[in-house]
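The working numbering numbers the first residue of the sequence shown as 6 and each following residue consecutively.
Ideal Cβ positions, reconstructed from N, Cα and C, are used throughout, including at glycine.
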Amino acid sequence: MEKPLRNRQIAELLASEGEKAEGYVRKAFFRAAHAAFMWPIEACQLTKGNRSLTELDAVGPFLAKTIFKWIENPPETNSPPPEIRRNFLSLTEAQELIAAHSEWREELKGDLQMHSNWSDGSGTIAEMAQAGIARGYEYISITDHTKGLKIAGGINESELAEQAEEIAGVNANLKKEGAKFQVLRSVEMNLSPNGEGDMDLDALAKLDLVLGSFHSQLRKTTDQTERYLAALENPAIQILGHPRGRVYNYRGGLKADWARVFARAAALDKAVEVDAYSDRQDLDVELLQIAKQEGARISFGSDSHHPWQLNFLDLALGAALLAGIEKDRIINFMSRGDLLKWVRKVRGSSS
Ligand SMILES: [Zn+2]
C-alpha cells in the first residue's frame, strides 16, 4: 500500500485482521473498521501532529499501536477488499471531494431519509429539524418505518395521522421563529419482495412524498430484477430506498440487471436513492455510474437514526461527485416547491 495510508485503507486492514481474530478482539477490530469511515480526520494526520490515535472513535491503546505501525510501514497488499466491503467511501475522502465543489454543499436543499422516535430513531421531530437547520437545509423528510416492519417499530395509519399533527406543530413554530425551513411528511414504506406496500393508499396520498424499501429476503443470490421493476411500478412510491440492501461487512446485497432497473426508473421519472448511512452507502459509485447512463433521478438520504447522523449525507455527495452525476438529476437540489411539483407529476402519471 502507498503512503500515506488513508482511513479507508486502515478500515480494510482492521477488518481483515478482525477476520483472523476471535471473541472480543475480533469485535474490537470490526468496530474500529466501521468507525474508520466516519473518523473526522485522517489517522496519518494525527500521527504527523504527534497526537494520539486514541482520539479516534473505537480506537483504544492496543489498536492505536497496531494502526501506528501500519502508518509507519504500510503492509504489502494489492488485493482489493472482498465484495462485502468494497466501494465504501470515508468521510475524509468525501469531504475533500466536496471542498473542491463547495457549491454542492451550499446548494443542497435537504435530506430525504431519516427516522424519528416515532419508529426506531432516537430524536424527536423537532430535534431532527434543528439538525437539518444546522446543516443549512430548507427541508428534511421524516421517513419512519411502516407497520410491516415490526422489528423497527413501524407505524400504522393512525400513528401516521398523529405524527402529522406533531409535524404541523414543529413547522408552525419554525415559521413563527422566521426559519425558512420545513419538515416534510413521508414514510419509508416497507415493500414485500414483490414490490407491494403495507399502507393504506389514502394515508400515503396525504404525505408530501413516499420512499419505499425492501427489508426482507435480502440474501437471495439469484437475479432480482423483477422485484425492482415491480417496486418502481408501484404507484404509491416516488423514491426507491437503499436499492441493493447491502450492509458493510455483513451483507453483500441483491443482484439485478441494474441498467434495466435504472432505465425503468428514468422512464417513470422516479428516483433511486443513495442511502448515505455509513454502513450502507447504497447506491455506490459503480451503480451510480450506471444510473447516470440510464438517466435515472437520484435521491440522497442520510437514513439518520440520531440527529448527529445527518452528517452521513456527505458520503452521498462524495459518491455522486465521483460518479459524475449532474446536480439537476439529484432531487435534493430542488427547492421545496419544485420537489413537491415533481411528486405531483409522478403521482399524476401513475394513477
Ligand atoms: Zn430501510
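Using a threshold of 7 Å, is the CB atom of residue i nearer than that to any non-hydrogen atom of ligand 1?
i, result
"S146", "no"
"S309", "no"
If you count every other CB in all the chains shown that lies within 10 Å of the CB of residue i, and 16 or more means buried, which is it?
i, result
"F67", "exposed"
"T97", "buried"
"T82", "exposed"
"E22", "buried"
"Y142", "buried"
"E278", "buried"
"S84", "exposed"
"R224", "exposed"
"G28", "exposed"
"N316", "buried"
"G353", "exposed"
"P248", "buried"
"E60", "exposed"
"A26", "exposed"
"S146", "buried"
"L254", "Residue identity differs from the one stated: residue 254 is Asn in this sequence, not Leu. Buried, since its Cβ has 16 or more Cβ neighbours within 10 Å."
"Q314", "buried"
"N239", "buried"
"S107", "exposed"
"N55", "exposed"
"D116", "buried"
"N12", "buried"
"S57", "exposed"
"G183", "exposed"
"A328", "buried"
"G174", "exposed"
"A177", "exposed"
"Q118", "buried"
State yes or no: is the C-beta of residue i within less than 8 Å of the C-beta of residue j?
i, j, result
"A157", "P312", "no"
"W263", "L245", "no"
"I130", "I89", "no"
"R251", "R285", "yes"
"S197", "L212", "no"
"E201", "T148", "no"
"A38", "I76", "no"
"H220", "N195", "yes"
"V215", "L209", "yes"
"A261", "Q294", "no"
"I336", "S304", "yes"
"K155", "N161", "no"
"W123", "Q168", "yes"
"S95", "A41", "yes"
"L322", "I103", "yes"
"R349", "Q187", "no"
"A63", "R36", "yes"
"R334", "R302", "yes"
"L259", "A99", "no"
"I72", "I15", "yes"
"L237", "L273", "yes"
"V290", "N92", "yes"
"F338", "E111", "no"
"V351", "Q243", "yes"
My guess is that residue i and residue j are in contact by the Cβ rule of under 8 Å, so how many angstroms apart are they, rounded?
i, j, result
"E288", "A276", "At residue 288 the sequence reads Leu, which differs from the Glu that was named. Contact flag wrong, Cβ pair sits at about 11 Å."
"Y144", "K114", "6 Å"
"A318", "A281", "In the sequence under discussion, the amino acid at residue 318 is Leu, which differs from the Ala named in the question. Yes, L318 and A281 are in contact; Cβ-Cβ is about 5 Å, under 8 Å."
"G300", "A271", "4 Å"
"S127", "H310", "6 Å"
"P2", "L18", "Nothing can be reported for residue 2, as the shown portion of the chain is limited to 6 through 356."
"S218", "M43", "Actually they do not touch by this definition, with Cβ atoms about 22 Å apart."
Practice item. Can you list the residues near ligand 1, meaning Cβ strictly closer than 6 Å to any non-hydrogen atom, in the order they appear in the chain? Key: E193, S218, H220, G246, H247
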